[in-house]
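Chains as they are written, first to last, in the numbering used here: chain W, 1 to 340; chain D, 341 to 680. Glycine included, C-beta positions come from ideal geometry on N, C-alpha and C.
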DNA sequence: GATTTCCATTAGATCGGTCTACCAAAGGTC
DNA sequence: GACCTTTGGTAGACCGATCTAATGGAAATC
C-alpha cells in the first residue's frame, strides 16, 4: 500500500502541490471553492499529513523532550502529566525518557532527543548532572534546555519550588510543636532540591532550640519508600530517637511510616513525621501526613510556558521561576507532645 | 549559527557525502583510515545527526507512540517505565500521551502520533474506545497498534494480565476465609479488564456460598482513590455491610481504606479488603493489602517485544498474550473472622 | 486603450540525509 | 596483453513537505 502524498492529492483535485499545501495550512489566499475540492480529495484518498517532511523544510519539529528520573514517584508523575498537557495544547508532542536518576542514561536520552530534532528539552536532572556532562550535546545543537525541580547550572532556565521557603515553613511548624530534635531522612544527596531544603530547615530552626541534623542518613538513600525505611533504620540503630523525622519527600515518608511500625513505633504519636511535596497519598495515609505542598501542576505549567517562550525568543537571558509552597498540617505532627 | 550537515563534514574530510553517510552507519566498505578522517571532521565541526532527514528517506521514524490513561496510578507508571526502557534498548524513542481516560483526547493523540510517523503505537485504551473511533486514523496510516492492559478489538494485538484467573484466585481466597458476602468497588465500568475481573470473581465464587455483587457501585466510579471512597460510601449508605470489599485496583483500595476509617471501620478487622495489581504501596499500607499481582513490568516488556515483532513483520495474525497473575495474601484479609 | 493592481495559482529549489547505479584503479588469472 | 574481480568511492535521484519568485488573466485606474 503506497502512502498518499500531497502530490497525489493535488493531482486528484486538479491543482498544484503548492496549492494543496496552502489549503492544508488554511491560507486565506485560496478561495473556499478550491479549498473544498482539495479537502475532498484528501478524505477520499485517505491522506495523512507527514509532519516530518514539513518539519524538515521548516527546521522545527513541534516536539519537546522531557526527561525525568522516575514517575513511580507520584510527584513526578503529576509533573509529567501537566507538562504533557501544556505541550499538547500548544500543539507540541512530547518525547519522554526516564533517566532513573542515572547520568549515563540521561546523556543517551539527551543525545537521542537532539538527534530527533526536538525544539526544546525539559530536564529534571539526574543527581550528579554537571554542566560539562550535559553541555557537549546541548552546545553542539543549541537546543534550549530548561531545568525542572532541580538545577545544576545558572546558565539554563529553571522552574521549581521555593525549597528554602518550604524548609523554613516546615522548620517553624516543627519547632512550634515543642520538638527538641529533628532529623532529615532520604533524598538524592547532591541534588539542589535537597541542599535547598536543608538550608531552609536550618535557617528555620535557628534560634528555636531544636537540634537539627541532616547528615545522619544522607549517603546512599534514595527518593522512594525504600530510602525512607533504610534511613529510619540507620538513625534508630545509632541509638538516636528524634522527636521529629522530616522526610525528603512524601515517597520517602511512606517508607518511614512502614519502618517505624516494624519497630512498634507509631508515627504521629511516638515520633512525629513531616515531609515535602504533599502528594495525594499524604492525606490518605494513617495518620494523615503533614507535608509542604510544592504544587507540581503549577511548576509543570510554568516550565512548559517558559520553554515555549524561549523557543520563540532564544535570546532571552536565563530565567528562574520559583513556586511558593504551602504547609499542610495534618495528624502526623499535630498530635505531637513531649515524651513523658 | 548554521547547522552542520553531512555535506559540510564530507567537504572538510575531502570525501563525498555518500562516503560520509556510509561512515556514519559503520559500513565495512569504507577503510578505517578514511572513516577516521571523516569522524574527526564530525567532532571538529560539531556535527549532529539529523534523524528526521534519514527517517524521511527510509520511511521509518524509530519512534513508538504510547498512550496511557493516567500515570498517577503507580500501576500505569510502572508499565510506562518498562515500555520506555524496552523501546530505548531497541533503539526507539517514545512519544507519549496521557488520555486521562478521555476518548476524544485519545483520538487527537493518535492522530498526532500518526502524523509524527511513529512506527507503532502502544495503546492503553480509554474506556469507551471502539474500533470505529480509533479505526479511521489507524486504517488511513496502517500503523500497527497494540492494546495494553485493556482491549476493545480482537483484530489488534493485545498484551495484558489474565484477569479472569486473577479474579478466580481472589475469589477462592476470599471464600476460603469464610466470608459470606463480597462486593466489587471501583474501576472503569465498561473496560475489558473490569469485565474480565468480574467474570473471574463470579466463576471463582460459584458454589462457595459467598454472595457476590459487582453492580453496587459500578456506575461513575473511577480507577483511583476518590473512586474507592465514593464506592464505599455508596455501598454502606445503602445499608449493605459486606464481609469483604474487593477493590478494582490498589489505587481504589487506598480510597476504600480512607473512607472506611472515616466511618470508624478498621480495614482487615471490621471489613476485609482485597484488590488487584499489587503495586509497591500495597505492602506498605496498614494493614498490608492483599492483592493479586499483575506484573506490569512483564506486561510492558512483552508488549514492547510484540509490537517490535509486528513492525518487522506486519503480516502476522493478531496476537494475544496473557500474563499469569499471583495472589499476595496479606493482613487486610488474613485477619478476617466472622463478626460475632 | 494602455497601464497598473490584484487575485489565484504554480514551477522549481530546498531541507539533510539514504540509496541505486556506476566508475576508476589495482590486483589476479589465463 | 586481454579479461575478470575486488576495492574504494562518487553522482544524482529521492523522500514529502514548504517557500520564493513568477505567471496569466481579470478587474481597476488613468
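Own chain partners of residue i with C-beta closer than 7 angstroms, once the 5 adjacent residues on each side are dropped
i	result
residue 289 of chain W	250, 253, 273, 275, 282, 330, 332
residue 166 of chain W	197, 200, 276, 292, 294, 325
residue 145 of chain W	121, 123, 138, 156
Helix, strand or coil at residue i according to DSSP, with G and I counted as helix
i	result
residue 138 of chain W	helix
residue 285 of chain W	coil
residue 296 of chain W	helix
residue 388 of chain D	coil
residue 416 of chain D	helix
residue 437 of chain D	strand
residue 660 of chain D	strand
residue 348 of chain D	helix
residue 532 of chain D	helix
residue 423 of chain D	helix
residue 237 of chain W	helix
residue 518 of chain D	coil
residue 463 of chain D	strand
residue 470 of chain D	coil
residue 355 of chain D	coil
residue 208 of chain W	coil
Interface flag, residue i vs chain D, CB-CB below 9 angstroms
i	result
residue 125 of chain W	no
residue 340 of chain W	At residue 340 of chain W the pLDDT is 46, less than 50, meaning the model places this residue with poor confidence; the figure from the coordinates comes in the next sentence. No, its Cβ sits nowhere closer than 9 angstroms to a Cβ of chain D.
residue 115 of chain W	yes
residue 53 of chain W	yes
residue 290 of chain W	no
residue 96 of chain W	yes
residue 74 of chain W	yes
residue 280 of chain W	yes
residue 46 of chain W	yes
residue 177 of chain W	no
residue 311 of chain W	no
residue 286 of chain W	yes
residue 254 of chain W	yes
Below-9 angstroms beta-carbon distance, residue i vs any chain W residue
i	result
residue 410 of chain D	yes
residue 390 of chain D	yes
residue 330 of chain D	A question about residue 330 of chain D goes unanswered here, because the residues of chain D that appear run from 341 up to 680.
residue 401 of chain D	yes
residue 603 of chain D	no
residue 426 of chain D	no
residue 573 of chain D	no
residue 610 of chain D	no
Residues that residue i bridges to, as DSSP identifies them
i	result
residue 369 of chain D	Answer is none; residue 369 of chain D lacks a bridge partner.
residue 267 of chain W	W/271
residue 525 of chain D	D/587
residue 157 of chain W	W/146
residue 291 of chain W	W/275, W/328
residue 63 of chain W	W/93
residue 553 of chain D	D/523
residue 408 of chain D	D/438
Own chain, CB closer than 6 angstroms to residue i, minus 5 neighbours either side, in chain order
i	result
residue 340 of chain W	The pLDDT assigned to residue 340 of chain W is 46, lower than 50, so where the model puts this residue is not dependable, and the model offers no usable value.
residue 413 of chain D	591
residue 547 of chain D	none
residue 501 of chain D	634, 663, 665
Check whether residue i and residue j have beta carbons under 9 angstroms apart
i	j	result
residue 213 of chain W	residue 320 of chain W	no
residue 242 of chain W	residue 271 of chain W	yes
residue 75 of chain W	residue 313 of chain W	no
residue 120 of chain W	residue 311 of chain W	yes
residue 474 of chain D	residue 493 of chain D	yes
residue 311 of chain D	residue 439 of chain D	Past the edges of chain D, shown from 341 to 680, lies residue 311 of chain D, and the structure says nothing about it.
residue 419 of chain D	residue 94 of chain W	no
residue 52 of chain W	residue 578 of chain D	no
residue 188 of chain W	residue 223 of chain W	yes
Chain-order list of residues whose beta-carbon lies under 8 angstroms from that of residue i (same chain, five-residue window excluded)
i	result
residue 302 of chain W	159, 321, 323
residue 81 of chain W	300
residue 377 of chain D	353, 354, 355
residue 88 of chain W	94
residue 683 of chain D	In the structure as shown, chain D begins at 341 and stops at 680. Residue 683 of chain D is therefore absent and cannot be evaluated.
residue 46 of chain W	4
residue 646 of chain D	486, 497, 499, 659, 661
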